[in-house]
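Working notes, beginning with the structure itself.
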Amino acid sequence: MTDKLQIFGATPSPYTQKMISICRYRHIPYEAYFGDVAGKLNDLNIEPPKPVLLPTILLKDNNGALKPTTDSTPIIRRLEKDYPQRKLLPKDPALSFVNYLLEDFGDEWVTKYMFHYRWYFEDDANKAGTVLPLVDIATNTSEEELIELKKFFSDRQIGRLWVVGSNETTADLIDKSYKRFIGLMDNHLLNNKFLFGDKPSSADFAIYGQLTQLVGFDPTSRRIAEENSYRLVAWVDIMADLSGHDVENNNWTELEDSPETLKEILKEFGRMYVPALLANAQAIAEGNESWETMIDGSIWKQKSFPYQVKCLNWIKEEFDNLNENDKSRIIKYLDGTGCELLLN
Ligand SMILES: N[C@@H](CCC(=O)N[C@@H](CS)C(=O)NCC(=O)O)C(=O)O
Numbered sequence: 001m002t003d004k005l006q007i008f009g010a011t012p013s014p015y016t017q018k019m020i021s022i023c024r025y026r027h028i029p030y031e032a033y034f035g036d037v038a039g040k041l042n043d044l045n046i047e048p049p050k051p052v053l054l055p056t057i058l059l060k061d062n063n064g065a066l067k068p069t070t071d072s073t074p075i076i077r078r079l080e081k082d083y084p085q086r087k088l089l090p091k092d093p094a095l096s097f098v099n100y101l102l103e104d105f106g107d108e109w110v111t112k113y114m115f116h117y118r119w120y121f122e123d124d125a126n127k128a129g130t131v132l133p134l135v136d137i138a139t140n141t142s143e144e145e146l147i148e149l150k151k152f153f154s155d156r157q158i159g160r161l162w163v164v165g166s167n168e169t170t171a172d173l174i175d176k177s178y179k180r181f182i183g184l185m186d187n188h189l190l191n192n193k194f195l196f197g198d199k200p201s202s203a204d205f206a207i208y209g210q211l212t213q214l215v216g217f218d219p220t221s222r223r224i225a226e227e228n229s230y231r232l233v234a235w236v237d238i239m240a241d242l243s244g245h246d247v248e249n250n251n252w253t254e255l256e257d258s259p260e261t262l263k264e265i266l267k268e269f270g271r272m273y274v275p276a277l278l279a280n281a282q283a284i285a286e287g288n289e290s291w292e293t294m295i296d297g298s299i300w301k302q303k304s305f306p307y308q309v310k311c312l313n314w315i316k317e318e319f320d321n322l323n324e325n326d327k328s329r330i331i332k333y334l335d336g337t338g339c340e341l342l343l344n
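Mapping to UniProt numbering: the sequence shown position 38 is 38, numbers consecutive.
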C-alpha cells in the first residue's frame with residue numbers, strides 16, 4: 001500500500017485540478033487516478049462515498065483506516081494539520097477569513113461561469129460531451145460507444161444547469177460577471193503575484209481550479225479570457241506547478257495593507273454571490289424548491305441548493321470563531337464590499 005496521498009478525480013474537474021496543484025505546491029507526495037472513481041474504489045474494496053464527488057481523496061481516520069473523503073475545503077484544512085511545510089492558510093486569522101471568503105467565491109461562484117460556458121452553448125457542450133467520457137471511461141473507447149456515452153454525459157450535465165443557475169434568464173448576468181472578473185483579476189495581477197501578495201493561498205488555488213477549465217478547456221470562455229487578459233492566461237499556466245516557489249522569502253500581505261484591486265474582487269462577490277447566497281438560504285428555510293431574486297439589476301432564478309446553505313453557514317462559523325478584535329478588523333475591511341451582509 002502506498003503512503004502517498006491518493007486522489008481520485010478527473011482532468012476536466014476544477015476541484016481535482018485545485019487539489020493536484022495544491023499537492024504540487026505543498027510538496028505533498030500524491031498519486032492521481034483519473035477515470036471511473038466509484039469503479040476504482042470498489043476495486044480497492046473501499047466503499048465509494050455517497051454521492052461520489054470529484055475529487056475523492058483517501059484520508060486516514062483515527063484508527064488509521066483510509067476513508068474516501070470529498071469536499072476540497074475541509075480536506076485542505078485537514079492537510080494543513082497533516083503536512084507542516086508550505087502551508088496555504090495565512091496565520092493572521094482576519095486575513096485567513098478573507099481567504100476563506102475568496103476560496104468559497106472561487107469554488108461556488110466562479111464555478112457557475114465554468115458550468116455555464118461548458119454546457120450552455122452547443123460548441124462547448126459538444127467538446128465537453130466528447131472529452132469527458134474519454135477521460136472518465138477510456139481514451140480508447142470506440143467511436144460507436146462514444147456516441148452513447150456522449151449523450152449520457154451531456155444529458156446528465158445539461159440537466160444540472162438548472163441547479164447551478166445557468167438558464168436563459170441568467171446567461172447574460174453570468175457572462176457580464178465573468179468578463180468583469182477577468183478584468184478584476186487582470187488589474188490585480190498587474191501588481192501582485194497572487195491574491196494576497198507574494199505567497200499563494202487556498203483561494204488562489206480555488207480560483208485557479210475553475211480557470212483550468214474556463215481558460216484551459218472550454219472554447220467560448222477561453223476565447224473571452226484571451227480577448228480580455230493574456231496576463232490571466234499566463235497566471236493559470238504558472239499556478240499549475242508552484243513546486244519551486246520560494247516560500248521562505250515571500251509572504252502574504254497584511255490585511256490592512258492589501259491593495260484596492262483585492263477589494264474590487266470582493267465587491268464582485270458582494271454584487272453577485274452574496275444576494276444569491278442569501279436568497280438561496282431563505283428559500284431552503286421556507287421549503288421552496290426554487291427561488292428568484294434581483295441580482296445586479298436583473299432577475300436571477302435557479303433551483304434551491306442545500307449545499308450552498310452549508311457554505312453560508314461555514315462562512316458564519318469561521319467568523320463566529322474569531323476574537324472581537326479580528327471580527328472588527330474584518331467588518332472594517334469588508335465595509336462597502338457587500339460581503340459584510342453575510343455576517344449580520
Ligand atoms: N465542494 C466540492 C465540490 C466537488 C464537486 O462538486 N465536484 C464535481 C466535479 S468538479 C462533481 O463531482 N460532480 C458530480 C459528478 O460529476 O458526478 C469540493 O470543493 O470539492
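Built from N, CA and C at the ideal position, the CB exists for glycine as well. All values derive from a computational prediction rather than experimental measurement.
Own chain, CB closer than 6 Å to residue i, minus 5 neighbours either side, in chain order
i, result
"residue 312", "277 and 281"
"residue 116", "166 and 174"
"residue 72", "15, 18 and 19"
"residue 23", "30"
"residue 261", "187 and 188"
"residue 213", "14 and 114"
"residue 309", "281 and 284"
"residue 247", "86"
Of the residues the options, the one placed nearest residue i, counting alpha carbons only
i, options, result
"residue 274", "40, 295 and 27", "295"
"residue 3", "25, 29 and 256", "29"
"residue 245", "293, 176 and 87", "87"
"residue 93", "236, 144, 182 and 254", "254"
"residue 107", "307, 341, 80 and 342", "307"
"residue 15", "249, 25, 210 and 268", "210"
"residue 192", "27, 121 and 259", "259"
"residue 85", "58, 25 and 64", "25"
"residue 267", "236, 256, 205 and 339", "339"
"residue 61", "309, 82 and 285", "82"
"residue 70", "250, 50 and 63", "50"
"residue 314", "287, 343, 148 and 290", "343"
"residue 177", "287, 46, 272 and 64", "272"
"residue 12", "127, 64 and 99", "127"
"residue 250", "148, 194, 205 and 222", "194"
Same chain, Cβ closer than 7 Å to residue i, neighbours up to 5 away in sequence not counted
i, result
"residue 233", "215, 225 and 226"
"residue 252", "90, 95, 196, 197, 199 and 201"
"residue 124", "117, 118, 218, 219 and 220"
"residue 263", "337"
"residue 129", "150, 153 and 154"
"residue 179", "224 and 228"
"residue 305", "163 and 280"
"residue 208", "18, 21, 236 and 239"
"residue 27", "85, 86 and 243"
"residue 34", "9, 10, 11 and 135"
"residue 292", "299, 300 and 301"
Distance cut-off 7 Å: residue i Cβ against heavy atoms of ligand 1
i, result
"residue 155", "no"
"residue 68", "no"
"residue 14", "yes"
"residue 73", "yes"
"residue 107", "yes"
"residue 58", "no"
"residue 53", "yes"
Cβ shell of residue i (< 8 Å), same chain only, five flanking positions each side left out
i, result
"residue 97", "318, 319, 322, 326 and 330"
"residue 48", "37, 38, 41, 42, 56 and 68"
"residue 184", "261, 264, 265 and 268"
"residue 341", "270, 274 and 278"
"residue 182", "224, 225, 228, 229 and 232"
"residue 146", "130, 133 and 134"
"residue 80", "87, 88 and 89"
Cutoff 8 Å: residue i Cβ touching any chain B Cβ
i, result
"residue 166", "Of the protein chains in this structure there is only one, and it is not chain B."
Heavy atom of ligand 3 within 7 Å of residue i beta-carbon
i, result
"residue 120", "Within the structure as shown, ligand 3 is missing, the only ligands being ligand 1."
Legend entry - Runs of alpha helix (DSSP H) lying entirely within the stretch 90 to 139, each at least 4 residues, in chain order: Qualifying alpha helix (DSSP H) stretches, in chain order: 93 to 104, 111 to 119 and 122 to 136.
Inset, instruction - Would you check if the stretch 323 to 336 and the stretch 299 to 307 touch, i.e. whether three or more CB-CB distances between them fall below 8 Å? - result: No: the two stretches stay apart, fewer than three of their Cβ pairs being nearer than 8 Å.
Legend entry - Whole alpha helix (DSSP H) elements within the UniProt domain "GST N-terminal" (8 to 86), 4-residue minimum: Counting only runs that start and end inside the UniProt domain "GST N-terminal" (8 to 86), the alpha helix (DSSP H) elements of at least 4 residues fall at 14 to 26, 37 to 43 and 72 to 82.
Inset, instruction - For the stretch 95 to 114 and the stretch 58 to 76, state whether three or more C-beta atom pairs, one from each stretch, are separated by less than 8 Å. - result: Yes, they touch.
Inset, instruction - Inspect the CB distances between the stretch 157 to 171 and the stretch 112 to 127 and report whether three or more fall short of 8 Å. - result: By the C-beta criterion, the stretch 157 to 171 is judged to be in contact with the stretch 112 to 127, since at least 3 inter-stretch pairs fall below 8 Å.
Inset, instruction - Flag this pair as touching only if the stretch 231 to 250 and the stretch 170 to 178 have three or more C-beta atom pairs under 8 Å; answer yes or no. - result: Because the criterion of three Cβ pairs below 8 Å is not met, the stretch 231 to 250 and the stretch 170 to 178 do not touch.
Legend entry - Length at least 3, wholly inside the stretch 243 to 331: the beta strand (DSSP E) runs in chain order: DSSP runs (the beta strand (DSSP E)) wholly in the stretch 243 to 331: 290 to 295 and 298 to 303.
Inset, instruction - Kindly confirm or deny that the stretch 133 to 147 and the stretch 155 to 162 touch, where touching means at least three C-beta pairs closer than 8 Å. - result: By the Cβ test, the stretch 133 to 147 is not in contact with the stretch 155 to 162, since fewer than three Cβ pairs between them sit closer than 8 Å.
Legend entry - Meets three-Cβ-pair contact criterion under 8 Å: the stretch 43 to 57 and the stretch 8 to 27: Contact between the stretch 43 to 57 and the stretch 8 to 27 is present, because at least three Cβ pairs lie under 8 Å.
Legend entry - Uninterrupted alpha helix (DSSP H) stretches inside the stretch 139 to 201 (no shorter than 4 residues): The stretch 139 to 201 contains these whole alpha helix (DSSP H) runs: 143 to 159, 161 to 164 and 171 to 189.
Inset, instruction - State whether the stretch 127 to 135 contacts the stretch 179 to 188, with contact taken as three or more CB pairs (one from each stretch) at a distance under 8 Å. - result: Segments in contact, no.
Legend entry - Residue ranges of each alpha helix (DSSP H) within the stretch 200 to 235, 4 or longer: 202 to 214 and 219 to 228, all fully within the stretch 200 to 235.
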